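In the numbering used here, the protein residues as written are 544 to 723. Positions of the beta carbon are idealized from the N, C-alpha and C atoms, including for glycine. Owing to the predicted nature of the structure, the values given are computational and were not obtained by experimental measurement. For reference, the structure discussed in these notes is given below.
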């Protein structure tokens with residue numbers, strides 16, 4: 544290869560133009576010239592693979608939260624669903640501790656929703672069935688007692704009136720002329 548002056552760049556290669564004045568000339572990497580020795584040693588390539596122990600995904604309690612949402616307590620069940628989804632996302636991103644925390648939170652919200660739903664259903668049964676039966680029975684008893692009292696009063700009045708009229712007629716020597 545032809546050299547121009549003291550430049551070490553090849554003159555026929557347009558990809559590597561000659562160095563401007565005042566700058567030292569350098570040989571591009573990978574080129575060797577007849578006046579230079581190429582001393583290339585390949586280094587062995589080392590690949591480092593870091594494996595973390597596989598941890599099982601924590602339970603996300605998503606099904607539990609959905610059932611609580613549908614059958615027990617909508618607001619608390621929705622919070623349980625959000626926390627269950629958060630547990631899945633945290634585990635997928637590698638945040639195992641955060642996934643555990645979200646899993647526990649989803650479980651707690653779902654249990655709170657289940658308990659709240661059971662309390663509401665129990666109160667609805669008491670207020671909707673038991674109390675009307677008790678109040679209805681008490682009202683029925685009151686109506687029956689009142690009717691019995693009214694009947695007894697009527698019966699007593701009737702008997703008294705009848706007895707008084709009859710006894711007056713018997714005691715007053717019955718005279719047909721009084722009635723003609």
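Excluding sequence positions up to five before and after residue 613, its CB lies within less than 8 Å of the CB of 620, all in the same chain and listed in chain order.
Between the region 603 to 613 and the region 648 to 657 there are three or more C-beta pairs closer than 8 Å, enough to call the two in contact. Within 10 angstroms of the beta-carbon of residue 656 lie 16 or more other beta-carbons, which makes it buried.
Look at residue 637 here: in three-state DSSP terms it is coil, with no helix or strand label. Under the 8 Å Cβ criterion, the region 638 to 645 counts as touching the region 621 to 630, having at least three qualifying pairs. Residue 590 carries a coil assignment under DSSP once its states are collapsed to helix, strand and coil. Residue 608 counts as buried, since no fewer than 16 other beta carbons sit within 10 angstroms of its beta carbon. In this chain, the alpha helix (DSSP H) harbouring residue 610 covers 605 to 614.
Judged by DSSP in its simplified three-state form, residue 600 adopts coil rather than helix or strand.
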